[in-house]
Amino acid sequence: MAKSLKELIVEDVEKAVRESQSKTLSQDVEKTLKMRFKDLLKGEILERS
Amino acid sequence: MRFLSEVKVTLTNVGGLSGENVIRLRKGSVNIIKAPNFAGKSSIVKGLAALLSWPISDNITAEIAQRLGIIDKRGRPEPLINIYSDQASVEIRSDQEVRRANITRGSIISEQPGDEKFLITSILSPDAEVLVRINEADVSWLIDKLSFANRYEATKKVIRNALVDAKLNLERIEKRGEEIKALREEIDELKGEKERLSNEIKGLEEEASNLPPLDPALVERRDWLTKELDRIREQRERLNDEIRRDKVDIEKEENKIKETKKELVDILKELKEVEAELDKLIKGEKKKELDEAIRKIDDEIGELQKEALRVEGELRVYEGALNIAVGVKEIRCPLCGKSVIEVSTLKGIKDEVKARLLRIKKDITEKQTDRNLLQGELSQVEDKIKQLGKRLSGLTGRKDNLEGSIKRLESDIQSAQSKLQAIQKQIDALDAKYRKLNEELEDVEKRIGRKDEARRRLYEKISELRQELGKVERSIETKMNELETLNRIEIEEVTVDTDKAKKVYTEWSEVLDHLTEYLEKRIEEERLGAVRRFNEGVKDLLRRLEFKEFEDVWIDEKGLELVVERRGGKRQPISSLSTSEKYALATLLQIAVKETYMPREPFFLLDGTLLAFDKERASSILNYLSEQASKRGWIVCISEVGGERLTVEYLTR
């Protein structure tokens, strides 16, 4: 079954917490959020329009 | 389990050590590095610490590194380099691996990154953080640094900011929704007015039709004109609706183009990076250097093997001669066969040759290890080239697809725009026709009115009402257009309607709320886990090291404070402990921290700290560390002042 956005974002954040360097952690999380938000928006525009 | 393999540490121009300095350490042992003052003991600790902890990015670890003399205030490793040199290096070479760092004034370059937590967990020196902060009962900094709690905290901060943004956007969209609602109500009111006016006109027209008959041709013309004008108005309204719908469709297509173009930009960027990386690997120096280095080592191994064969032959000659020289003191030289040589001298020569052979064989083994490392590196480069080639082909395909999609979408938009233009032309034609017919109707009605005053007034009224109706209709049209604009909202350079925007931000806020809850749970779990692991470790350690001055030491799970209990269960504030007790407590903490949080990193460095204890306690700590080194395969390094030059003594259980 496809993963929900909540599950995907938890996975992304866990990955950043475990693997990012301290200096870039916040930036990496911001990037992840931006990407997931765009996915959500894109899904809304392209699939349900 | 006992680990006694040797580890060769080479420090070149590190701190006070000038030129190449080699020390041999033993895994599974306490290695006591003895030297007089200013002979470079601390430089060894600094060099090892730098190699095992770099890169350093966290504030606390950066402070420790600064105190230890690994980096300067600007975060550069300049203090590590000997003042008479421009660069330094540290290498740890064991049977299993080689770790090496090249240090320049700007940075440390190491292929295998270290772990900056090493500076908190694995060094006990007067500058160690545990010792510096021993007066603070609060150890939350330690728990947060050694668990993932602080990283989850930093992440939570980012999520909180994103949540604030999402809620602000949601508020903005809801406000827009209220404006839309008000505008819709206005439009509904105008539509009601339009209906009222239409009905009134219809009523008056009926009234007019019931008046005594006039010129039937005029009446017929007026009725036809009225119907035609109604038809034109309806047709115009339909066309306007069509335009509005088409505009929304075009907007959707434009959004799709924007999204696709953004994706294309990313793909092109990635494509460029991959191409550059591939180009660098294929044409670059790295592969050539590796090929060249392997060729060179192969040549050297070949030479050494030839040399080994030659020396083996020589050795066989000496051994053969010695085998038959039983009971004699002198024999003929086995090489020239002429001169006479004493058997004892020949034995000496044979031993020398044998030692030379061993040295050559050792050199061959070392060269083969180096070759294997280089070959591994070369294979990695070749694998990388293959992977990049595959990625390049995938990206090119994706790029072509996206470019195709953009072309198709652009062509669709162009057709839609042509259609819009055609509709607009139809509307313009209808407007012109409407104006012309309306003028004619007014004229016909005037002509009818001239013959009958009552009829004239009626038609004047109808004409007024029609003008009013036209105004209302135009007003509806303007407000409908306003509604259309108000209903579109831009998010991330894409325009969507407010309902969708609201849905997106509502869902996004829910996701972020869920994430915040998840992170809070994880922070709590991380802290609690770290505290419990520590408390278990320190209890055992306290018993093993026989620190009789403390009955118990633990971290309070709720307040994250260090608690020291004296005999009889009496608690004592840390700040009121004596200096030697604080030292003992810090040592206890440091060993517990090492065992709990970084047991797999074999190096544990103690620089000048055992000097603070009396002989009995120092010996108990040494015994314990020696036991742990043997059990865990640690390389415990303790620096001590003594002797005339730098030496290493090994203490193994």
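Residue numbers (my numbering), protein chains in the order written: chain A, 1 to 49; chain B, 1001 to 1653.
For each residue, glycine too, the CB sits at the ideal point set by N, CA and C.
Annotation for Ile1324 of chain B: the continuous alpha helix (DSSP H) segment containing it runs 1285-1324. Pairing Thr1104 of chain B with Ala1592 of chain B, the inter-Cα distance amounts to about 34 Å. The Cβ of Asp1058 of chain B sits closer than 8 Å to at least one Cβ of chain A. Spanning the alpha carbons of Gln1305 of chain B and Glu1285 of chain B requires a straight line of approximately 30 Å. Within the model, the alpha-carbon separation for Ser1043 of chain B versus Ile1070 of chain B is close to 9 Å.
In this model, Ile1364 of chain B and Ser1122 of chain B are separated by some 36 Å (Cα to Cα).
Looking at the DSSP output, Cys1637 of chain B sits in a beta bridge with B:Asn1031, B:Leu1605. Ser1089 of chain B: member of the beta strand (DSSP E) spanning 1088-1093, first to last residue. Close partners of Phe1118 of chain B in chain A (Cβ separation under 7 Å) are lacking, with about 14 Å as the shortest Cβ gap. Under the rule that a run must span 4 or more residues, the alpha helix (DSSP H) segments found entirely inside the region 1072-1147 of chain B read 1118-1121, 1129-1132, 1140-1146.
Taking C-beta atoms as the reference points, Leu1402 of chain B and Thr1260 of chain B count as a pair closer than 8 Å. Identification of chain A residues near Glu1507 of chain B by a Cβ-Cβ cut-off of 7 Å yields Leu40, ordered along the chain. Against chain B, a Cβ distance below 7 Å from Glu30 of chain A picks out Val1158. When the beta-carbon positions are compared, Ile1448 of chain B and Leu1214 of chain B come within less than 8 Å of each other. Leu1346 of chain B sits buried, since 16 or more C-beta atoms from the chains shown fall within 10 Å of its C-beta. The Cβ atoms of Ile1267 of chain B and Lys1399 of chain B lie closer than 8 Å to each other.
Taking all protein chains in view, the Cβ of Glu1595 of chain B is crowded by 16 or more other Cβ atoms within 10 Å, so the residue is classified as buried. In this structure, the CA atom of Tyr1650 of chain B is about 20 Å from the CA atom of Ala1049 of chain B.
Annotated three-state conformation of Thr1647 of chain B is strand, per DSSP.
Residue B:Leu1562 holds the alpha-carbon nearest to the alpha-carbon of Ser1575 of chain B among B:Val1326, B:Gly1470, B:Leu1562, B:Ile1250.
In the structure shown, Thr1652 of chain B adopts coil according to DSSP, grouped into three states. Leu1458 of chain B is positioned such that its CB atom lies closer than 8 Å to that of Ala1208 of chain B.
Cβ proximity to chain A below 9 Å picks out Glu1510, Val1511, Leu1512, His1514, Leu1515, Tyr1518, Leu1519, Arg1522 from the region 1510-1535 of chain B. Among the residues facing chain B, Lys15 of chain A is not included, as its CB has no counterpart in that chain under 8 Å away. Under the three-state reduction of DSSP output, Arg1221 of chain B falls in the helix class. Neighbours of Arg1151 of chain B in chain A, taken as residues at a C-beta separation under 7 Å, are given in chain order as Val17, Leu25. Assigned with DSSP and collapsed to three states, Leu1577 of chain B falls in coil, not helix or strand. Each residue's CA atom was taken as its position, placing Lys23 of chain A and Thr1609 of chain B some 32 Å apart. Around Gln1426 of chain B, the same chain offers Leu1239 as residues with beta carbons nearer than 7 Å, after the five sequence neighbours per side are excluded. Rounded to the nearest whole angstrom, the C-alpha separation of Asp12 of chain A and Glu1473 of chain B is 54 Å. For Asp1144 of chain B, the CB contacts under 6 Å within the same chain, skipping 5 residues up- and downstream, are Asn1150 in chain order. Here Ser1085 of chain B has Asn1013, Ser1018 as same chain residues with Cβ atoms under 8 Å from its own Cβ, once five neighbours each way along the sequence are excluded.
With three or more CB-CB distances shorter than 8 Å, the region 1189-1200 of chain B counts as touching the region 1464-1480 of chain B. By the Cβ rule, the region 1630-1640 of chain B counts as touching the region 1021-1033 of chain B, because three or more pairs are nearer than 8 Å. For Ile1491 of chain B, the enclosing beta strand (DSSP E) begins and ends at 1488-1491.
Of all residues in the region 1133-1149 of chain B, only Phe1148 come within less than 7 Å of chain A when Cβ atoms are compared, listed by chain position.
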